[in-house]
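Novice: First to last, the sequence lines map onto chains C and D. Under our numbering, the first residue of the first sequence is numbered 140, with each subsequent residue one higher. Under our numbering, the first residue of the second sequence is numbered 140, with each subsequent residue one higher.
Number of protein chains: 2
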Amino acid sequence: MSTSKGEKTPRRYHHGDLRAELIRSAQTILEREGMAKLSLRAAARRTGVSQTAPYRHFTDKAALLAAVAAGGFRDLAAAMRAGAAPASDPAERMVAIGSAYLTFALEHVAVFHLMFGTEIADKSAHPELRRAADEAFAVLANQAVAGNGGRPGGDGAPLADDGVREADAPDAAIAAWSFIHGLATLLIDGQIRSARIDAESTDRAALVRRFGRFLNFARA
Amino acid sequence: MSTSKGEKTPRRYHHGDLRAELIRSAQTILEREGMAKLSLRAAARRTGVSQTAPYRHFTDKAALLAAVAAGGFRDLAAAMRAGAAPASDPAERMVAIGSAYLTFALEHVAVFHLMFGTEIADKSAHPELRRAADEAFAVLANQAVAGNGGRPGGDGAPLADDGVREADAPDAAIAAWSFIHGLATLLIDGQIRSARIDAESTDRAALVRRFGRFLNFARA
DNA sequence: ACGTTATGTTTACAACGTCAATATGTCCAG
DNA sequence: CTGGACATATTGACGTTGTAAACATAACGT
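Here it is in structure tokens:
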């Protein structure tokens, strides 16, 4: 009889689903011990296979990292979507998305750094990563460009009523992304110290509002 | 007779000024071959000393990297100052500073990543680095404060031209920093692709203006 | 049943960060 | 001028890493 261990992926070869489990191991190590401790060998060790087994599933260490980073982008996109869902007002939705972005960055520092750092030398060499990153940005951009959610309504695109013209929406999305990404990066790097911000305890939405008021489409 | 090789530092020991030259070597390797190729041993090799010689001047690899990063922050601060100097109008000065920031990031990608990435595990452990980073931010923040009391009116200025209320200046500086830092980061990571931006060839000031439109310091 | 192919292991190597022991140059006290 | 004392650099070594090559083993189609 066929082995019944497989759960989602069709029952597998020797291990079960080494590729996926290696990614999980890498994520765990990254979160618990940091980037410096994340090695191909450590991931293999934690998974219980030989040190070169990963090479059957990843051409490179970079390929493993890219898979982890791609997962991070998917999680980020999901978090933004979940955060934006309950918000009805467009501006409110932007704050919710920014808040989700900030929260993700602050609570998954290592993964966030992997997603945007240089540990993965040439990101364009990993299509899955690229696709996941694009999709995450799409969540943000959609709020700016086509954010009316398909409902026939009077107020149109979410940014329009804040003085951003339709044609400017794509650029506005980039500006918003830049702002929130920069804020997140500077916060987790501890660069922002002058303004008594306790990133751990402060409400993230409050932070987004506090600094976002200088963006003319994010004011509530 | 005393060796006459020394130039700025008082004539030195065996090498001359190993510490400074190791930093220069590290910078060179970083710029020419990237972070992956920058090792303590490589820096020592390029300097022409044994592989453990650096340990007389740096406790760690991280200490060397911190010194390089600190140099980066000083260069960035200098570039911002130089860019801002010729601008008379406050808003114009902000654009100049943003432009200098972007230019630095795009032309010194590796150093920029070192300055804000995770290669240096605990940045707070390196006072020189911390000081240099603070100083760089001060250049930016001072402009935001100085922007107050600009002349009234104004129409086409992409950033604030009527200043920020005194009490809001620190937060405004953080917002501006976040924006420009995020834009720089996303650009050099190649994350911004949708808006046909050729970061290499496009005028940086134009980029800052294009996206900086959405910053509004007059409000709040 | 059998061979092809996908998967995993063993062994090996060069490069790295770092430590301990040692050597060498510099400088000050006499 | 001389002899330590001390700062500076080297040699050699150890454990870890990424990765290649050779080998082993299990699954699957025929």
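Idealized CB from N, CA, C, for every residue including glycine. If you're wondering where the values come from, they're calculated on a predicted model, not measured in any experiment.
1. Quick one: what does DSSP say Ala354 of chain D is sitting in, helix, strand or coil?
2. Buried or exposed for Asp337 of chain C, going by 16 or more other Cβ atoms inside 10 Å?
3. Could you list which residues in chain D have their beta carbon closer than 9 Å to that of Thr324 of chain C, in chain order?
4. Can Ala344 of chain D and Ala275 of chain D be called in contact, C-beta distance under 9 Å?
5. Does the Cβ of Gln190 of chain D have 16 or more other Cβ atoms within 10 Å, making it buried, or fewer, making it exposed?
6. Can you name, in chain order, every residue of its own chain whose Cβ lies under 6 Å from the Cβ of His265 of chain C, other than the five neighbours on each side?
7. Any chance the stretch 240-260 of chain D sits against the stretch 254-263 of chain C, with 3 or more Cβ pairs inside 8 Å?
8. Could one say the Cβ of Arg343 of chain C lies closer than 9 Å to chain D's Cβ atoms, at least one of them?
9. Cβ closer than 8 Å: which chain C residues qualify as neighbours of Lys262 of chain D?
10. Closest Cβ-Cβ distance between Arg195 of chain C and chain D: below 9 Å?
11. Let me know if Asp156 of chain D comes out buried or exposed under the rule of 16 or more other beta-carbons within 10 Å of its beta-carbon.
12. Residue range of the alpha helix (DSSP H) that His252 of chain D falls in?
13. Identify each residue in the stretch 169-188 of chain C for which the Cβ-Cβ distance to at least one residue of chain D is less than 7 Å, and report them in chain order.
14. Could you give the distance in angstroms between the alpha-carbon of Arg270 of chain C and the alpha-carbon of Thr186 of chain D?
15. Going straight from the alpha carbon of Ala183 of chain D to that of Asp328 of chain D, what length do you get?
16. Anything in chain C within Cβ reach of His252 of chain D, meaning under 9 Å, just list it in chain order.
17. Report yes or no: is there a C-beta of chain C within less than 9 Å of the C-beta of Ala311 of chain D?
18. Per the contact definition of three or more C-beta pairs closer than 8 Å, is the stretch 219-227 of chain C in contact with the stretch 236-244 of chain C?
19. Go ahead and label Asp307 of chain D buried or exposed: buried means 16 or more other beta carbons lie within 10 angstroms of its beta carbon, across all protein chains shown.
20. Check whether chain D comes within 9 Å of Asp337 of chain C, counting only Cβ atoms and requiring the distance to be less than that.
21. Check whether the stretch 313-325 of chain D touches the stretch 345-357 of chain C, taking contact to mean three or more Cβ pairs, one atom from each stretch, closer than 8 Å.
22. For Pro193 of chain C, does the three-state DSSP call read helix, strand or coil?
23. In chain D, which residues lie with their C-beta within 9 Å of the C-beta of Ala205 of chain C?
24. In terms of residue numbering, what span does the alpha helix (DSSP H) encompassing Leu157 of chain C cover?
25. Measuring only between beta-carbons, confirm whether Phe350 of chain C sits less than 9 Å from chain D.
26. Does the Cβ of Pro225 of chain C have 16 or more other Cβ atoms within 10 Å, making it buried, or fewer, making it exposed?
27. Quick check on the burial criterion: 16 or more other C-beta atoms within 10 angstroms. Buried or exposed for Leu354 of chain C?
28. Does chain C have any CB closer than 9 Å to the CB of Arg270 of chain D?
29. Does Thr276 of chain D have its Cβ less than 9 Å from a Cβ in chain C?
30. May I ask you to report which of helix, strand or coil DSSP gives Leu298 of chain D?
31. Going by C-alpha to C-alpha distance, which of C:Gly211, C:Arg158, C:Leu169 and C:Arg171 sits closest to Asp199 of chain C?
32. Evaluate Arg180 of chain D with the Cβ neighbour count: other Cβ atoms within 10 Å of its Cβ, from every protein chain shown; 16 or more gives buried, anything less gives exposed.
33. For the alpha helix (DSSP H) holding Thr186 of chain C, just list the boundary residues, first then last.
34. Does the beta carbon of Leu209 of chain C sit closer than 9 Å to a beta carbon anywhere in chain D?
35. Just how far apart, CA to CA, sit Ala323 of chain D and His320 of chain C?
Specialist: So, from the data block:
1. The residue asked about is misnamed: residue 354 of chain D is Leu in this sequence, not Ala. Of the three classes helix, strand and coil, the one that applies to Leu354 of chain D here is strand, per DSSP.
2. Classification of Asp337 of chain C: exposed, given that the 10 Å Cβ count is below 16.
3. By Cβ distance, chain D contributes Phe255, Ser317, His320, Gly321 and Thr324.
4. Taking 9 Å as the Cβ cut-off, Ala344 of chain D and Ala275 of chain D do not qualify as a contacting pair.
5. By the 16-neighbour rule on beta-carbons within 10 angstroms, Gln190 of chain D is exposed.
6. The residues are Ala205.
7. The stretch 240-260 of chain D is in contact with the stretch 254-263 of chain C.
8. Taking Cβ atoms only, chain D never reaches closer than 9 Å to Arg343 of chain C, which makes this a no.
9. What Lys262 of chain D touches in chain C: Asp328 and Gly329.
10. No, Arg195 of chain C lies away from the interface with chain D (no Cβ there is under 9 Å from its Cβ).
11. It counts as buried.
12. Start and end: Val248 to Phe255.
13. Against chain D - using a Cβ distance shorter than 7 Å - the residues of the stretch 169-188 of chain C are Met174 and Ala175.
14. Answer to the nearest angstrom: the Cα atoms are 42 Å apart.
15. The straight-line gap from Cα to Cα measures roughly 30 Å.
16. Chain C residues near His252 of chain D: Gly256 and Thr257.
17. A Cβ of chain C is located within less than 9 Å of the beta carbon of Ala311 of chain D.
18. Two segments are said to touch when three or more pairs of C-beta atoms, one from each, lie closer than 8 Å; by this definition the stretch 236-244 of chain C touches the stretch 219-227 of chain C.
19. Per the 10 Å Cβ criterion, buried.
20. Interface residue (Cβ-Cβ distance to chain D less than 9 Å): Asp337 of chain C is not classified as such.
21. The stretch 313-325 of chain D vs the stretch 345-357 of chain C: in contact.
22. Residue state, collapsed to three classes: helix.
23. Per Cβ cutoff of 9 Å: no residues; Ala205 of chain C is ~13 Å from chain D at best.
24. Looking at the DSSP string, the run of the alpha helix (DSSP H) that includes Leu157 of chain C is Leu157 to Glu172.
25. So yes, Phe350 of chain C belongs to the interface.
26. With a 10 Å radius around the Cβ and a threshold of 16 neighbouring Cβ atoms, Pro225 of chain C comes out exposed.
27. Burial state of Leu354 of chain C is buried, judged by a 10 Å Cβ sphere holding 16 or more other Cβ atoms.
28. The beta-carbon of Arg270 of chain D is placed no less than 9 Å from the nearest beta-carbon of chain C.
29. According to the sequence as given, residue 276 of chain D is Phe; it is not Thr. Under the Cβ distance rule, Phe276 of chain D counts among the residues neighbouring chain C, one pair being separated by less than 9 Å.
30. Legend: pLDDT at Leu298 of chain D = 43, less than 50; position of this residue unreliable, value from coordinates given subsequently. Note: Leu298 of chain D maps to coil in three-state DSSP.
31. Residue nearest to Asp199 of chain C within the set C:Gly211, C:Arg158, C:Leu169 and C:Arg171 is C:Arg158 (criterion: CA-CA distance).
32. With fewer than 16 other CB atoms across the displayed protein chains lying within 10 angstroms of its CB, Arg180 of chain D is exposed.
33. For Thr186 of chain C, the enclosing alpha helix (DSSP H) covers residues Leu179 to Thr186.
34. Rather than Leu, the amino acid found at residue 209 of chain C in this sequence is Ala. Answer no: the Cβ-Cβ gap between Ala209 of chain C and chain D never drops below 9 Å.
35. Taking the straight line from one Cα to the other gives about 10 Å.
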